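S.K.:
There are 2 protein chains.
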Amino acid sequence: MSTAEKRVYNFSAGPAVLPMSVLQKAQEHLLCLPGAGASILEISHRSKPFIEILDHAIANLTKLLNVPDTHKIVFLQGGSRLQFSMIPMNFLKGSNQTADYILTGAWGKKAYAEAKKEGETNVAWNGGDEGFNRLPKDEELQLSSNSAYTYFTSNETIEGVQFSGEPNVGDSPLICDTSSDFLHRPLPIANYGMVYACAQKNAGPAGVTVAIIREDLLDRASDTLPGYCDYRQHVNNGSMYNTPPTFSIYLMNLVFEWLLNDVGGLEKMHSANKEKAAILYNAIDASHGFYAGHAHPSSRSLMNVTFRLPNDELQDKFVAEAAKNDLSSLKGHRSVGGIRASIYNAMPIEGVTLLGQFMTEFCQANA
Amino acid sequence: MSTAEKRVYNFSAGPAVLPMSVLQKAQEHLLCLPGAGASILEISHRSKPFIEILDHAIANLTKLLNVPDTHKIVFLQGGSRLQFSMIPMNFLKGSNQTADYILTGAWGKKAYAEAKKEGETNVAWNGGDEGFNRLPKDEELQLSSNSAYTYFTSNETIEGVQFSGEPNVGDSPLICDTSSDFLHRPLPIANYGMVYACAQKNAGPAGVTVAIIREDLLDRASDTLPGYCDYRQHVNNGSMYNTPPTFSIYLMNLVFEWLLNDVGGLEKMHSANKEKAAILYNAIDASHGFYAGHAHPSSRSLMNVTFRLPNDELQDKFVAEAAKNDLSSLKGHRSVGGIRASIYNAMPIEGVTLLGQFMTEFCQANA
């Protein structure tokens, strides 16, 4: 590779790093998918080779997450933004129930804003007054008596706070945006009404959203919904209500195969993620306040490590010097500033180790 | 390439054939986009390299179609199906106007079904009684006096009928689904209220929909619309309301570059498409009725050539023997049967010539 083509360690919050073996396989077969006579980009979604890919994707995801028969897997488009609306359109609109929202960061707030357009809502907890730096305890949740569902965001990418388990919401169906930590650990799907994730952070490229929906919830939808926004259409047509994003599903399936065969499953992935995150949080904790972590230690994200330096000048210097060391995309979200290191499943430990060393050296040189 | 990796001529109706040079470029850069330090699949949609790609895509499309300043280009997800709803949600819902629909095939019917959910509609013409085998004359159109817009499908892929120009609808804003013939010829964008196309037939991979919208129409939308379904969000945020399908936009831009630089623009593309289609229609017309074209000659599609053989047995034999000659995916849509040869922009004339020869020989052997 020439200099222009040298790969760096990419700490982007999403779209984000993918496993090298996945990229290599996609590259190898890009002109011709073996046996298909054409590229995965060119074959019909109703062709035998693509239907096999879709079937494998569903089977592999079912295996990875141990998805029970009660739940259906569908592949959608429109990212989390469309899910923010589709969830209340399907599960709240027209009912006399109230949807509960647990707000732990920017994405949950956006989901809540869309839900308000569709029906009655209740904020079960709002971490905004504390700058979204921690998660609620179960006893802090104020749920409705007639809860349609309880919505939460398992990992808030901008603030870097993450649930390590499920909040206790009683009988209310739990609906979770897992976009930025999907498949980072095993998930007890049976405890959820619905889990969804846009792929581009932890599970694939931009342009596909996977949803796992408890089938009995589908009965709530009205026939007056816009066709694409009606989950039943996607479930009943096996993700073929319209042409699915074929290449994105293909690539997501390669990620599923990588998790199953190369990583060895989600327990092992979880261990690796804890090990990686510890390297960076240790660097923060050892800095005597030079690096100020945003999240309360009990709520720290394994995916997005967020912190500040003493001033903006040092932050800019940190980002610039890191880039010279091939540690890229470390600037925090434009809405909050600071530093954010996104260390999703596919970020190799070598990259995190290098960043940890860089943080220690930068602290020593600039504290 | 081994036998398993041999490319065939792929007459799929979509996703469909892409230019070889586009696939090769995407393959070459799949591990590392020059200068980006990562794959196009991995870089942030807010990174400089991606913003350059998006800017180029808009500039190239503007150049190809001579898009005037009055119109905005946005890249969306959810395919035509979501546009079927978004169009009436944005431009009809809550008004006291009526949306006119010209029904020339299966896709227009589906669009109309979604519009009925959102407001008052009128069927301006319906070709269903004649089996959708021809297009209306202007004098046959029965438009509303208070028309919100007039919707039509420039090319119906299933039936193989195609408008070669625009219907005359007076002052009613013309809205067109050009999914299956986008960029097959120059288009007078100034005459349209909106033109849209999902990419996977004539302009790229599945997973991205491009829309070109006359800006003044955006004022019609209500703030109560689901965020993702509100065109203003996409226009005002420059297709960055949420993470766009980055790879699909990248690939679509490579197709735009191919059209500009390799083909030499849309006039030349149109000539090539007419030449290709003539080869197959000549084979039909020379067959003395062995091949029965579905479309009336005046309404024949340059993109999807649809015809029947005397019986199902011969049709199956045709498809099977064609496949042995590396002419793939010729079976008609499952809803109508018969044969369909999709010969989009990227289908090389060599493939069409081979199919034309095969048709002539098959007719001689089996008529």
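From first to last, the protein sequence lines are chains A and B. Under the numbering used here, the residues of the first sequence are numbered 1 to 367, in order. Under the numbering used here, the residues of the second sequence are numbered 368 to 734, in order. Every residue, glycine too, gets a C-beta built ideally from N, C-alpha and C. Here the structure is a predicted model, which means the values were calculated and not measured.
#1: Going by the beta-carbon positions, is the gap between A/Pro88 and A/Glu130 smaller than 7 Å?
#2: Which partner residues of B/Gly660 appear in the DSSP bridge assignment?
#3: Name the one or two DSSP bridge partners that B/Val719 has.
#4: Assuming A/Leu30 and B/Gln394 form a contact by the criterion Cβ under 8 Å, report the distance between their Cβ atoms to the nearest whole angstrom.
#5: Can you name the start and end residues of the beta strand (DSSP E) that A/Phe75 belongs to?
#6: Which of helix, strand or coil does DSSP assign to B/Met368?
#7: Quick check: the segment 83-97 of chain A against the segment 282-291 of chain A, are at least 3 beta-carbon pairs closer than 8 Å?
#8: Taking only runs that begin and end inside the segment 507-548 of chain B, name each unbroken beta strand (DSSP E) of 3 or more residues, in chain order.
#9: Evaluate contact between the segment 545-555 of chain B and the segment 632-647 of chain B, counting only Cβ atoms and requiring at least three cross-stretch pairs below 8 Å.
#10: Suppose the cutoff is 6 Å on Cβ atoms and the five residues either side in sequence are ignored; what does the same chain contact list for A/Lys317 look like?
#11: Confirm, please, whether the CB-CB distance from A/Thr209 to A/Gly79 is below 7 Å.
#12: Under 7 Å between C-beta atoms, does B/Pro401 make it to chain A?
#13: Report the rounded CA-to-CA distance for B/His637 versus B/Ser709, giving the unit in angstroms.
#14: Using CA atoms only, rank isn't needed, just tell me which of B/Leu408, B/Asn628, B/Ala466 is closest to A/Val255.
#15: Nearest to B/Ser606 by CA position, among B/Lys373, B/Asn522, B/Ser589, B/Leu443, is which residue?
#16: Along chain B, which residues have their Cβ under 8 Å away from the Cβ of A/Phe398?
#17: Strictly under 7 Å for the Cβ-Cβ distance: is B/Ser702 near chain A by that measure?
#18: Which residues bound the alpha helix (DSSP H) around A/Thr62?
#19: Tell me the residue span of the beta strand (DSSP E) that contains A/Ser342.
#20: So, at 6 Å on beta carbons, what are the nonlocal neighbours of A/Asn90 in its own chain, with the 5 sequence-adjacent residues on each side left out?
#21: Within 6 Å: the Cβ of A/Ser239 and any heavy atom of the ligand ZN?
#22: Quick check: A/Gly160 and B/Pro612, are their CB atoms within less than 7 Å of each other?
#23: According to the Cβ coordinates, are B/Ser539 and B/Lys568 closer than 7 Å?
#24: Among residues of its own chain, excluding the 5 on either side of B/Ile646, which ones have a beta-carbon nearer than 7 Å to its beta-carbon?
#25: Can you have a look at A/Asn273 and say buried or exposed, based on whether 16 or more other CB atoms are within 10 angstroms of its CB?
#26: In angstroms with no decimal places, state the Cα-to-Cα distance between A/His234 and A/Asn242.
#27: Rank A/Gln24, A/His71, A/Ser12 by C-alpha distance to the C-alpha of A/Phe329 and give the top, closest one.
#28: What residues from chain A crowd round B/His412, counting only those whose CB sits closer than 8 Å?
#29: Which residues share a DSSP beta bridge with A/Asn237?
#30: Are the C-beta of A/Thr178 and some C-beta of chain B separated by less than 7 Å?
#31: Between A/Asn126 and the rest of its own chain, which residues show a CB-CB distance below 7 Å, the 5 nearest in sequence each way excluded?
#32: Show which residues of chain B have a CB atom less than 9 Å away from the CB atom of A/Thr370.
#33: What's the call for A/Gly94, buried or exposed, on a 16-neighbour Cβ count within 10 Å?
#34: Against chain A, which members of the segment 597-615 of chain B pass a CB distance test of less than 8 Å?
#35: Among the candidates A/Gln162, A/Phe152, A/Pro68, whose CA atom is the shortest distance from the CA of A/Ile213?
M.R.: According to the data block:
#1: no
#2: B/Phe674
#3: DSSP lists no partner for B/Val719.
#4: 4 Å
#5: 71-76
#6: Legend: pLDDT at B/Met368 = 49, less than 50; position of this residue unreliable, value from coordinates given subsequently. Correct three-state label for B/Met368: coil.
#7: no
#8: 514-520, 541-544
#9: yes
#10: none
#11: yes
#12: yes
#13: 15 Å
#14: B/Leu408
#15: B/Leu443
#16: Residue 398 of chain A cannot be examined here, being either before or after the span of chain A that is shown, 1 to 367.
#17: no
#18: 48-65
#19: 339-342
#20: Ala221, Tyr231
#21: With respect to small molecules bound, the structure shown includes none, and the ligand ZN cannot be examined in it.
#22: no
#23: no
#24: Val719, Thr720, Gly723
#25: buried
#26: 8 Å
#27: This sequence places Ser at residue 329 of chain A; Phe is not what is there. Among A/Gln24, A/His71, A/Ser12, the Cα nearest to that of A/Ser329 is on A/Ser12.
#28: Pro15, Ala206
#29: Answer is none; A/Asn237 lacks a bridge partner.
#30: no
#31: Leu103
#32: Outside the shown range of chain A (1 to 367) lies residue 370 of chain A, about which nothing can therefore be said.
#33: exposed
#34: Tyr608, Asn609, Thr610, Pro611, Pro612, Thr613, Phe614, Ser615
#35: A/Pro68
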